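Input: a single structure, listed below in structure tokens.
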Amino acid sequence: MTMAIHASLGAAQPPPLLDRELLDAIEPQLIAWRRDIHQHPELGNRETRTAALVARELRSFGLDVREGIAVTGVVGMLRGRQPGPTIALRADMDALPVTEPAGLPFAATVTTTYRGIETGVMHACGHDAHVAILLATAKLLSTRRDLLRGTVLFVFQPAEEGAPDGETGGAARMLAEGLFDQHTPDAMFGLHVASNLHSGEIGVRSGPTMAAYDAFEIVVHGRQTHGGRPWLGVDPINIASQIVLGANTIIARQTDLATAPAVLTFGAVHGGLRENIIPDEVRLIGSIRTFTSAARRDIAARLERTARSISESAGASADVTIKPGMPVLVNDLALSARAIAALGSAFGNAVHETSFISSSEDFAYYAERVPGFFFRLGVTSPAIDAAVAPTNHSPQFSVDETGLRRGVEAFVTLVDSAMKPHPP
């Protein structure tokens, strides 16, 4: 059950940076940007049109712009008239290999080949909303330059969902290519639209917030034979099935879930070509999500042991590869306290404390380098039960556009709070 976070000082006046009349004027453009980007989705490291749009708009606001970081990344820099800290805000730009249903007048009809399969491309995770919100924030703050006590970096990042096979990308690559070399932020903020919150609501959490992500591959090596004479071979399909069932007990019976949640998921099983041939091998792939380094190491070791032991018991063998992914996203404790207080003061009962989020987010790499705070933004219409609304990554995922301005309000509120002097 979510817990409303009440402002300790009651209803506060809007912070000086937040000009709601100006936001009223910007809102139609905010929605237009979102629809344009939604209609022209691009996969990770291929966001060329989106990046060009972002760079063009940032320059029109009078910002200094860097392009081509981590293939298509764009960074805009806004210097305030007064000295102060450097604050970074981030939006991710990439879409997913998901086919969008017809219905919206700005529905995407883009298609591509992904891992050899023809598919549509859709902003099924809401990154189109993220880009539009950050553009609107940049436009609003660019008109408030005289009030800015410091510098704001607007980071538009590619490939949050992962780079194409054989490539690198996302937050880790932006950092490797010098994102913070010239200006290291004193604080960094990011948001993600969420289907389980209504428009206008904000979800917050301090400390470990989103799960670490590791991928795995298990290849079971058996011995091919005729389907009518299975005793002459070693059946890797049967063994792979036992590995899936055995691995389920790692979470259900071997992991201390009272400390923090953990998830082990098989995403695909590949093996065999014909109904009457037992194949030589079966390949399983999946992911592990954890919130502590100890659980991360332990579950990986248990999965490898389970796969090898089950395979060997049946006369087969298994190659197990754990591919380290992204770390736990940890919201800085001190920054979180200030940010949650500022949001609570501005938006009152619309701010809710959330539980652990078992999906992963490469904002975690930024939060390892500088104090970070990542929050959720509700985008489900109040007319819909948010508990059952289609979630991110579903082709039915939808955004109630009336909730987008709250993202701008939240970003501006956080910038304003972070630029104010705080006691040590």
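Using my numbering, you'd call the opening residue of the sequence shown number 1066 and step up by one each time.
In this text, a Cβ means the ideal position worked out from N, Cα and C, and glycines have one as well.
Small disclaimer: the values here were computed from a predicted structure and weren't measured.
**Prompt:** Which ranges would you report for the beta strand (DSSP E) in the region 1364–1441 if only whole runs of at least 3 residues count?
**Reply:** The region 1364–1441 contains these whole beta strand (DSSP E) runs: 1382–1389, 1394–1396, 1416–1418.
**Prompt:** Which residue or residues does DSSP assign as beta-bridge partners of residue 1183?
**Reply:** For residue 1183, the pairing in a beta bridge is given by DSSP as 1178.
**Asked** To the nearest angstrom, how far is it from the Cα of residue 1225 to the Cα of residue 1316?
**Response** Taking the straight line from one Cα to the other gives about 27 Å.
**Prompt:** If we ignore side chains and look at the alpha-carbon of each, how far apart do residue 1264 and residue 1199 end up?
**Reply:** Their backbone Cα atoms lie some 17 Å apart in a straight line.
**Request:** Please classify residue 1222: does DSSP put it in a helix, a strand, or coil?
**Result:** Reduced to three states, the DSSP call for residue 1222 is strand.
**Message:** So for residue 1195, helix, strand or coil by DSSP?
**Reply:** Reduced to three states, the DSSP call for residue 1195 is helix.
**Request:** Starting from the C-beta of residue 1319, find all residues in its chain whose C-beta is less than 7 Å away, skip the five residues before and the five after it, and write them out in chain order.
**Result:** Taken in chain order, the residues that qualify are 1367.
**Message:** Based on DSSP bridge pairs, tell me the residues matched to residue 1281.
**Reply:** According to DSSP, residue 1281 bridges with 1351, 1387.
**Message:** Pull the bridge partners of residue 1342 from the DSSP assignment, please.
**Reply:** Paired residues: 1291.
**Item:** Counterpart residues of residue 1269 in DSSP-defined beta bridges
**Value:** According to DSSP, residue 1269 bridges with 1418.
**Request:** Go to residue 1138, then tell me how far its beta strand (DSSP E) extends in each direction, as first and last residue.
**Result:** Taken as a continuous stretch (DSSP letters only), the beta strand (DSSP E) holding residue 1138 covers 1138–1144.
**Message:** Does the region 1291–1302 come into contact with the region 1256–1272, if we say contact requires no fewer than three beta-carbon pairs (one atom in each stretch) closer than 8 Å?
**Reply:** No: the two stretches stay apart, fewer than three of their Cβ pairs being nearer than 8 Å.
**Request:** Could you please give me the residues that DSSP links to residue 1131 through a beta bridge?
**Result:** Answer is 1140.
**Prompt:** Is residue 1276 near residue 1354, with beta carbons less than 8 Å apart?
**Reply:** Between residue 1276 and residue 1354, the CB-CB gap stays under 8 Å.
**Spatially closest choice to residue 1312 from 1159, 1371, 1167, by CA coordinates** = Closest option to residue 1312, Cα to Cα, is 1371.
**Request:** Please name the residue in 1098, 1106, 1111 whose C-alpha comes closest to that of residue 1121.
**Result:** Out of 1098, 1106, 1111, 1098 has the C-alpha closest to the C-alpha of residue 1121.
**Item:** residue 1180 beta carbon less than 8 Å from that of residue 1251
**Value:** Using a Cβ distance threshold of 8 Å, residue 1251 and residue 1180 do not count as a contacting pair.
**Asked** For residue 1219 versus residue 1241, is the C-beta spacing smaller than 8 Å?
**Response** Not a contact, by the Cβ cut-off of 8 Å.
**Message:** Among 1424, 1155, 1451, whose alpha-carbon lies nearest the alpha-carbon of residue 1391?
**Reply:** Looking at the Cα atoms, 1424 is the closest of the given residues.
**Request:** In angstroms with no decimal places, state the Cα-to-Cα distance between residue 1290 and residue 1284.
**Result:** C-alpha separation (whole angstroms): 18 Å.
**Prompt:** So, do the region 1420–1437 and the region 1404–1412 have three or more beta carbon pairs nearer to each other than 8 Å?
**Reply:** Three or more beta-carbon pairs separated by less than 8 Å are not found between the region 1420–1437 and the region 1404–1412, which leaves the two stretches without contact.
**Prompt:** Are the beta-carbon atoms of residue 1345 and residue 1288 separated by less than 8 Å?
**Reply:** Yes, these two residues count as a Cβ contact at 8 Å.
**Residues that DSSP places opposite residue 1217 in a beta bridge** = Bridge pairing for residue 1217: 1143, 1152 [DSSP].
**Item:** Residue burial classification, residue 1389 (beta-carbon count within 10 angstroms, cutoff 16)
**Value:** Residue burial annotation: residue 1389 is exposed, with fewer than 16 other C-beta atoms found within 10 angstroms of its C-beta.
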